[in-house]
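Accompanying notes for the structure given below.
Residue numbers (our numbering): 3 to 209.
Now the structure itself:
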């Protein structure tokens, strides 16, 4: 009976936080395609959820699949729960599954400190050396460039040097998008702005 209860708790969390209105599918670039009215409604509910979920419940979601991890990372970002920084950094670096990495990058960019930049640097140092892997390198670079702009730093410079790791990754197979790096910065910046908007509806946001 205890085992059944243990399995039921995550399912309750998923039904409450992850799957309503297919939330997990709308966290990311899909927000840009929403009407302003729909997006405001969505972000209001997201902010409220971020204020309701507990740290233990966030841990439970982060232990599961990409849908749960994506949602949890966004809730962490909206609530400003920087105590999850290292956990998100570990998940990003491990890249054990698809889709959630962008959400980790958004959260680190929202936290906005040099500690977050260090985690993004570690990821890029590992995965730009693997042109065969098309993971979340663009999101990580965009987040790092955004932090550079906000912190007055230049963490991304060595990756973007001529013939540097970024160019080597772009040039290597498989074929990749060739957007200007600043476009990735702008994209992550837009997602961070949505997280900030949702935070206005999160009464317990940590600042």
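Yeah, the Cβ is synthetic: ideal placement off N, Cα and C, and Gly gets one too.
*Using the Cα positions of residue 105 and residue 200, report the straight-line distance between them to the nearest angstrom.*
The residue labelled residue 105 in the question sits at position 103 within the chain shown. The residue labelled residue 200 in the question sits at position 198 within the chain shown. Cα to Cα, the separation comes out at about 15 Å.
*Presumed contact (8 Å Cβ cut-off) between residue 196 and residue 45, rounded CB distance*: Here residue 196 refers to the residue found at position 194 when the chain shown is read from its first residue. Here residue 45 refers to the residue found at position 43 when the chain shown is read from its first residue. Yes, residue 196 and residue 45 are in contact; Cβ-Cβ is about 6 Å, under 8 Å.
*Counting pairs of Cβ atoms below 8 Å between the segment 113-130 and the segment 88-102, do you hit three or more?*
yes
*Would DSSP call residue 49 helix, strand or coil?*
The residue given as residue 49 occupies position 47 in the chain shown. Helix.
*Counting only the same chain and skipping the five closest in sequence on each side, list residues whose C-beta sits under 8 Å from that of residue 4.*
By 1-based counting over the chain shown, the position of residue 4 is 2. Reliability of the predicted coordinates at residue 4 is poor, the pLDDT of 45 falling under 50, and the value obtained from them is presented with this limitation in mind. Nothing meets the Cβ criterion.
*Tell me which same chain residues have a C-beta within less than 7 Å of the C-beta of residue 180, skipping the five on either side of it?*
Counting from 1 along the chain shown, the entry for residue 180 is found at position 178. Answer for residue 180: 172, listed in chain order.
*Quick one: measure Cβ to Cβ for residue 101 and residue 63, integer angstroms, because I've assumed they're closer than 8 Å.*
By one-based count along the chain shown, residue 101 stands at place 99. By one-based count along the chain shown, residue 63 stands at place 61. Rounded, the Cβ-Cβ distance is 14 Å, inconsistent with contact.
*Beta-carbon proximity list for residue 51, same chain, < 7 Å, skipping 5 on both sides*: One-based indexing of the chain shown puts residue 51 at position 49. Taken in chain order, the residues that qualify are 19, 77.
*Can you say whether residue 32 is buried or exposed, counting buried as having 16 or more other CB atoms within 10 angstroms of its CB?*
For the purposes of this step, residue 32 is taken as residue 30 along the chain shown, with counting starting at 1. Flag for residue 32 reads exposed.
*In the DSSP assignment, find the unbroken alpha helix (DSSP H) run with residue 59 in it and report its ends.*
Residue numbering aside, residue 59 sits at position 57 when the chain shown is read from its first letter. DSSP places residue 59 inside the alpha helix (DSSP H), whose first and last residues are 57-64.
*Tell me whether residue 70 is buried or exposed, calling it buried when 16 or more other Cβ atoms sit within 10 Å of its Cβ.*
Taking the first residue of the chain shown as position 1, residue 70 is located at position 68. Per the 10 Å Cβ criterion, buried.
_If contacts are defined as beta-carbon pairs under 8 Å, then residue 194 and residue 111 qualify, I think. What distance do you get, rounded to the angstrom?_
For this step, residue 194 is matched to residue 192 along the chain shown. For this step, residue 111 is matched to residue 109 along the chain shown. The pair is a contact, with the Cβ atoms about 5 Å apart (cut-off 8 Å).
*Residue range of the alpha helix (DSSP H) that residue 20 falls in?*
Counted from its first residue, the chain shown places residue 20 at position 18. Element bounds for residue 20: n/a, residue is neither H nor E.
*asked:* Which of the three DSSP states is assigned to residue 134 in this structure?
replied: Looking up residue 134 in the chain shown gives position 132. Look at residue 134 here: in three-state DSSP terms it is coil, with no helix or strand label.
*Look at residue 141 and residue 103 and say whether their C-beta atoms are less than 8 Å apart.*
Counting from one through the chain shown, the residue named residue 141 turns up at place 139. Counting from one through the chain shown, the residue named residue 103 turns up at place 101. Yes, these two residues count as a Cβ contact at 8 Å.
*Between which two residues does the alpha helix (DSSP H) harbouring residue 34 extend?*
Looking up residue 34 in the chain shown gives position 32. Segment: none, residue 34 is in no alpha helix (DSSP H) and carries neither H nor E.
*At what residues does the alpha helix (DSSP H) containing residue 107 begin and finish?*
Locating residue 107 in the chain shown gives position 105, where the first residue counts as 1. Here the alpha helix (DSSP H) through residue 107 covers 103-113.
*asked:* With H, G and I counted as helix, E and B as strand and the rest as coil, what does DSSP make of residue 4?
replied: Along the chain shown, read from residue 1 onward, the residue named residue 4 stands at position 2. The predicted model places residue 4 with a pLDDT of 45, which falls under 50 and marks its position as unreliable; any figure quoted below should be read in that light. DSSP places residue 4 in helix when its eight states are reduced to three.
*Counted within 10 angstroms of its Cβ, other Cβ atoms place residue 145 as buried (16 or more) or exposed*: The sequence position of residue 145 within the chain shown is 143, counting from 1. The residue is buried, with at least 16 neighbouring Cβ atoms inside 10 Å.
*Could you say which of 168, 149, 114 lies nearest to residue 134 if we only look at CA atoms?*
Here residue 134 refers to the residue found at position 132 of the chain shown. Residue 134 has its Cα closest to that of 168, out of 168, 149, 114.
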